[in-house]
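Structure first, then comments.
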Amino acid sequence: MLPPLIDALPAADAPTSAVDLRTRALGSAGVAFAGYAQSAGGLDLPVGEQLTDAADLFSDRTTMRAWYRGPADWRVDVVTPTGETGVHADGCGTWTWDWEDAVATWSEPGPLAFPSPSDLLPSALGRRLLSEAAEDELSRLGAERVAGRDALGLRVEPAAEAASVPRVDVWVDRATGLPLRVQVWGDDAAEPAMDTSFLELDLTVPPAEVTAFTVPEGAEVREGQAEQLLQAADRDRRRGPALPSSLAGLDRRVVEGAPRSVGVYGRGVTLLAVGVLPDRAAAGLRAELSRAPGAVVDPLGTRIAAGPLGLMIVDGPDGALLLTGTVTLDALAAAATDLTGRAG
Amino acid sequence: MSTVIGTTGLVKRYGQLRAVDGIDLDVRPGDVYGFLGANGSGKTTTVRMLLGLVLPTEGEVRLLGEPMPKAARRVLPRVGALVEGPAHYGHLSGRANLALVDAAGPGGSRRTRRARIETVLEQVGLAGVGRKPARAYSLGMRQRLGLAAALLRRPELLVLDEPTNGLDPQGIHEIRDLLLQLNREGTTVFLSSHLLAEVEQMCTRIGVLDRGRLVLQDELARLTSPTGATIVETPEPDRVRAALDGRVLSVTAGRAVVRGADPAEVNAALVAAGVPVHGLALERPSLEAVVLAAARTSSDRVDAPGERSRR
Amino acid sequence: MIVVELRKLFRRPRTWVTIGLLNALPVLVAVLLAWTDLAPRPGEGPAFLSAVLTNGTLYPLAALAIVLPLFLPIAVSVVAGEAVAGEAQGGTLRYLLARPAGRTRLLVAKLIAVVAFVVVTVVVVAGVGYVVGRLLFEVQPTGGTALSGTSLTSQELAVRTLLAIGYVTVSMLGVAAFALFFSTLTDSPLGATLGALAVLIASSLLFTLDAASSFAPYLPTRYWLAFVDLFRDPILWRDVVRGVALQAVYVVVLLGAAWANFTTKDVTS
Numbered sequence: 023m024l025p026p027l028i029d030a031l032p033a034a035d036a037p038t039s040a041v042d043l044r045t046r047a048l049g050s051a052g053v054a055f056a057g058y059a060q061s062a063g064g065l066d067l068p069v070g071e072q073l074t075d076a077a078d079l080f081s082d083r084t085t086m087r088a089w090y091r092g093p094a095d096w097r098v099d100v101v102t103p104t105g106e107t108g109v110h111a112d113g114c115g116t117w118t119w120d121w122e123d124a125v126a127t128w129s130e131p132g133p134l135a136f137p138s139p140s141d142l143l144p145s146a147l148g149r150r151l152l153s154e155a156a157e158d159e160l161s162r163l164g165a166e167r168v169a170g171r172d173a174l175g176l177r178v179e180p181a182a183e184a185a186s187v188p189r190v191d192v193w194v195d196r197a198t199g200l201p202l203r204v205q206v207w208g209d210d211a212a213e214p215a216m217d218t219s220f221l222e223l224d225l226t227v228p229p230a231e232v233t234a235f236t237v238p239e240g241a242e243v244r245e246g247q248a249e250q251l252l253q254a255a256d257r258d259r260r261r262g263p264a265l266p267s268s269l270a271g272l273d274r275r276v277v278e279g280a281p282r283s284v285g286v287y288g289r290g291v292t293l294l295a296v297g298v299l300p301d302r303a304a305a306g307l308r309a310e311l312s313r314a315p316g317a318v319v320d321p322l323g324t325r326i327a328a329g330p331l332g333l334m335i336v337d338g339p340d341g342a343l344l345l346t347g348t349v350t351l352d353a354l355a356a357a358a359t360d361l362t363g364r365a366g
Numbered sequence: 006m007s008t009v010i011g012t013t014g015l016v017k018r019y020g021q022l023r024a025v026d027g028i029d030l031d032v033r034p035g036d037v038y039g040f041l042g043a044n045g046s047g048k049t050t051t052v053r054m055l056l057g058l059v060l061p062t063e064g065e066v067r068l069l070g071e072p073m074p075k076a077a078r079r080v081l082p083r084v085g086a087l088v089e090g091p092a093h094y095g096h097l098s099g100r101a102n103l104a105l106v107d108a109a110g111p112g113g114s115r116r117t118r119r120a121r122i123e124t125v126l127e128q129v130g131l132a133g134v135g136r137k138p139a140r141a142y143s144l145g146m147r148q149r150l151g152l153a154a155a156l157l158r159r160p161e162l163l164v165l166d167e168p169t170n171g172l173d174p175q176g177i178h179e180i181r182d183l184l185l186q187l188n189r190e191g192t193t194v195f196l197s198s199h200l201l202a203e204v205e206q207m208c209t210r211i212g213v214l215d216r217g218r219l220v221l222q223d224e225l226a227r228l229t230s231p232t233g234a235t236i237v238e239t240p241e242p243d244r245v246r247a248a249l250d251g252r253v254l255s256v257t258a259g260r261a262v263v264r265g266a267d268p269a270e271v272n273a274a275l276v277a278a279g280v281p282v283h284g285l286a287l288e289r290p291s292l293e294a295v296v297l298a299a300a301r302t303s304s305d306r307v308d309a310p311g312e313r314s315r316r
Numbered sequence: 003m004i005v006v007e008l009r010k011l012f013r014r015p016r017t018w019v020t021i022g023l024l025n026a027l028p029v030l031v032a033v034l035l036a037w038t039d040l041a042p043r044p045g046e047g048p049a050f051l052s053a054v055l056t057n058g059t060l061y062p063l064a065a066l067a068i069v070l071p072l073f074l075p076i077a078v079s080v081v082a083g084e085a086v087a088g089e090a091q092g093g094t095l096r097y098l099l100a101r102p103a104g105r106t107r108l109l110v111a112k113l114i115a116v117v118a119f120v121v122v123t124v125v126v127v128a129g130v131g132y133v134v135g136r137l138l139f140e141v142q143p144t145g146g147t148a149l150s151g152t153s154l155t156s157q158e159l160a161v162r163t164l165l166a167i168g169y170v171t172v173s174m175l176g177v178a179a180f181a182l183f184f185s186t187l188t189d190s191p192l193g194a195t196l197g198a199l200a201v202l203i204a205s206s207l208l209f210t211l212d213a214a215s216s217f218a219p220y221l222p223t224r225y226w227l228a229f230v231d232l233f234r235d236p237i238l239w240r241d242v243v244r245g246v247a248l249q250a251v252y253v254v255v256l257l258g259a260a261w262a263n264f265t266t267k268d269v270t271s
């Protein structure tokens, strides 16, 4: 009964500047905490079964428990009514424990990975989205109470023309700089496209045995594999096109160790990923995309927007390409034109 | 304590309907009080108000000198009741039913419970009933079991609603004897009934309820006291008129009613005139006549508007 | 009075038939599972059910999860809906009150009897589940695995199972309070039972509706499944605590209403 009362108290603001607040937020990676967070996404991605886990993250309400001792020692559990999936990180890699299947999977960090629940934790997501924002993209909001704490608002408004996300609001803990709540806004001004927030936060350092993981008796142990799509991209690297150094006005990023056929463009909140799709996956995905409401099918390819997230399949000269990211449909079309040399 | 049941201005309203309309009951110690009334006259509502089941809209109830329902916890253990037929837990035996009800309230000592149960079962004639569940009982047996529950704590007052319902003639006789015996031992009995004959045979005082009003309340003996006329039974009633001209009130076949409160005097006059006399009796009004005179129409009769005023 | 109500309830064959029927489903599920070895797909079916194939000691929890959404609330609604309305319908209410049992006392005794029924039922379901789980499935001698993948000793597992039994019992109190309240409103036990069930069905339905999210945290069924949280490691108390508090509010408000209604009501049955 007490937490709602604490939440109802007015939040105290502080005269911290936007740039200073960002600096504090980015410097909060050492702040240890235990927390309970929920993220809600309004994105219905019409994607096939291979991507359901990632798609669920953006469309569903995800409930997380997190224990964070440091950047290389943490644990995030996704709590469901009938089970739990826990990710334990220990510096060398992660154990992912799935209770309902009784499977423990060991993965080592790769250059590229699909979003996982731990990326949705406000602290992680907030730092990531703030890290590449330019200073003139930042502005201050007021203060709010999040998880019973005073949080200072920081707004990022991407300058890139391709950006489909008009703004991102990050609420930063006044005392520690820890991002407590992140709201990613789309075109709809009433509801954020994605809202992730701590509901409870405890700043005492969690005990080591909570983040540690021992494979339980009777559990199946698997070696982590890069997701199928990434594998396929890796296999197809030879027949992949030479990706340009900029697409739709976004510069290519250098990702160490990534397959050549996968390109990531953009900065901060505005990102565009391009990759080769295996033919089998392409056919299914194209069919699903074209059925989605609001899908645009033209000689360039098939593209849709799900909230601020754009998705496009382009028939390149060397096979199908998947373009996805937080960019507008026009930016996708421009990128497709850049890639294929065709005009829309 | 001069009154066992006393109500003053008791009213129960259901919306516009006045089910009980200002009644003043007066039941005295040692009475066998017959509470008469047609169906729907408010009898049951009154009985329920006496026991605190229905809360009065206006007026007061005093039971054994204490206000109801305020003092229910003190008073009701001294009252035994049978309201609108008996009710039991069908899956339990008669004994288990009695034990449960006895344990459900104050005033029933646990130590004496078993003995008390045996005594009342004996009294109502169910001593040999065994372990049979109550739902297998006949209507009469259920009635007896209900009565047994009412008697369980040797109450000072018995409030009984149609206690002989469902009993055969022998059963009715037994129960009547039992109630009269208890009354002789000091129990006041409040008997609500629509059976005139039953009330007439048992009661010392009666109250008559008509459409929510107490239209009559008096000693039975006074209500049915001699009218001052004598009934003459004779095969030749017409000759009575000749012999006692001017005193004959009515003549029917085999019967004449003659003014005069002394049958001996009437007899002498008739015999002197040579009229054969088979029998002589003081005329008394029947309870039925008294009740009918007091309560005008049956309350379950539904007349067209204006009909009643013409009667 | 309380003893009387308990005796009435537990000497009634119907009570035990209800408890027996309640156990039939988990036993049937266990037999089918053991026979076919087909666990439900993860995320589908009741909690813990996929885990019992490897560890039979979890079956009491699976059994509770099986009966919790529907069977248990139905049984509780039937018994609590009976409480006052059943006596009214049978005519025994007037004799209890003329005894006098005292209206408040009677209501409290009924509530306690209903709670006793819930406890007995939940314990029997868990007990039967334990026996069935031991007989039909493999048993890990060391205890079990928490949802978070940590190992629990047999003792820890037992303590948490007891907590879960307690929590499920508390979860049912709201249902019982609804049924008891309706039971004082009507003379028809069936009506009271159906009323309580209607509330539960409405609550379960609204819970799945996004449009109702503003009051979803106050729905009586909102935190029912939180007993699963007792098997996370560390235990996730958040929903458990809220569930208990919510049930307490429902119980207090509804019993207050039941009391206010019953003590001023004309008993005409």
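Chains as they are written, first to last, in my numbering: chain A, 23 to 366; chain B, 6 to 316; chain C, 3 to 271.
Beta carbons are placed, not taken as given, at the ideal position from N, Cα and C, and that holds for glycine.
As the structure is a computational prediction, the values presented were derived from the model and not from experiment.
Chain-ordered chain A contacts of residue i [CB-CB under 7 Å]
| i | result |
| --- | --- |
| residue 56(C) | 124 and 240 |
| residue 2(C) | The structure shown does not extend to residue 2(C), since chain C spans only 3 to 271, so no value can be given for it. |
Rounded straight-line distance, which links the Cα of residue j to that of residue i
| i | j | result |
| --- | --- | --- |
| residue 263(C) | residue 109(C) | 11 Å |
| residue 278(A) | residue 361(A) | 22 Å |
| residue 168(A) | residue 229(C) | 27 Å |
| residue 3(B) | residue 49(B) | Limits of chain B in this structure are 6 at one end and 316 at the other, which puts residue 3(B) out of reach. |
| residue 299(B) | residue 217(B) | 13 Å |
| residue 347(A) | residue 236(C) | 37 Å |
| residue 58(A) | residue 144(A) | 10 Å |
| residue 45(A) | residue 157(A) | 11 Å |
| residue 99(C) | residue 32(C) | 46 Å |
| residue 239(C) | residue 231(C) | 7 Å |
| residue 213(B) | residue 297(B) | 10 Å |
| residue 160(B) | residue 123(C) | 41 Å |
| residue 271(A) | residue 218(A) | 30 Å |
Closer than 9 Å at the beta carbon, the chain B residues around residue i
| i | result |
| --- | --- |
| residue 92(C) | 92, 93, 94 and 95 |
Within chain C, the residues that residue i reaches when beta carbons sit closer than 8 Å
| i | result |
| --- | --- |
| residue 58(B) | 96, 99, 100, 268, 269 and 270 |
| residue 99(A) | 150 and 234 |
| residue 235(A) | 151 |
| residue 81(B) | 100, 101 and 102 |
| residue 88(B) | 96, 97 and 100 |
Bounding residues of the alpha helix (DSSP H) (the contiguous stretch that carries residue i)
| i | result |
| --- | --- |
| residue 171(C) | 156 to 187 |
| residue 96(C) | 94 to 100 |
| residue 21(B) | It is not in any alpha helix (DSSP H) - residue 21(B) carries neither H nor E in the DSSP assignment. |
Extent of the continuous beta strand (DSSP E) to which residue i belongs
| i | result |
| --- | --- |
| residue 93(B) | Run containing residue 93(B): none; DSSP gives neither H nor E here. |
| residue 110(A) | 105 to 111 |
| residue 83(A) | 83 to 92 |
| residue 236(B) | 234 to 238 |
| residue 121(A) | Here residue 121(A) belongs to no beta strand (DSSP E), and DSSP marks it neither H nor E. |
Contact check, residue i vs residue j, beta carbons under 8 Å
| i | j | result |
| --- | --- | --- |
| residue 134(C) | residue 246(C) | no |
| residue 35(C) | residue 66(C) | no |
| residue 3(B) | residue 11(B) | Nothing about residue 3(B) can be read from this structure; chain B reaches only from 6 to 316. |
| residue 151(A) | residue 190(A) | yes |
Beta-carbon neighbours of residue i, restricted to chain B and to distances below 7 Å
| i | result |
| --- | --- |
| residue 10(C) | 94 and 105 |
| residue 3(C) | 109 |
Beta-carbon neighbours of residue i, restricted to chain B and to distances below 8 Å
| i | result |
| --- | --- |
| residue 13(C) | 96, 97 and 101 |
Proximal chain A residues relative to residue i, where beta-carbon distance stays under 9 Å
| i | result |
| --- | --- |
| residue 162(C) | What residue 162(C) touches in chain A: nothing, since even the nearest Cβ is about 15 Å away. |
Contacts of residue i in chain A (Cβ-Cβ under 8 Å)
| i | result |
| --- | --- |
| residue 49(C) | 103, 104 and 105 |
Heavy atom of the ligand FAD within 7 Å of residue i beta-carbon
| i | result |
| --- | --- |
| residue 286(B) | Annotation note on the ligand FAD: not contained in the displayed structure, which lists no ligands. |
What are the uninterrupted segments assigned as beta strand (DSSP E) that are 3 or more residues long and contained completely in the segment 134 to 172 of chain B, given in chain order?
-> 162 to 166
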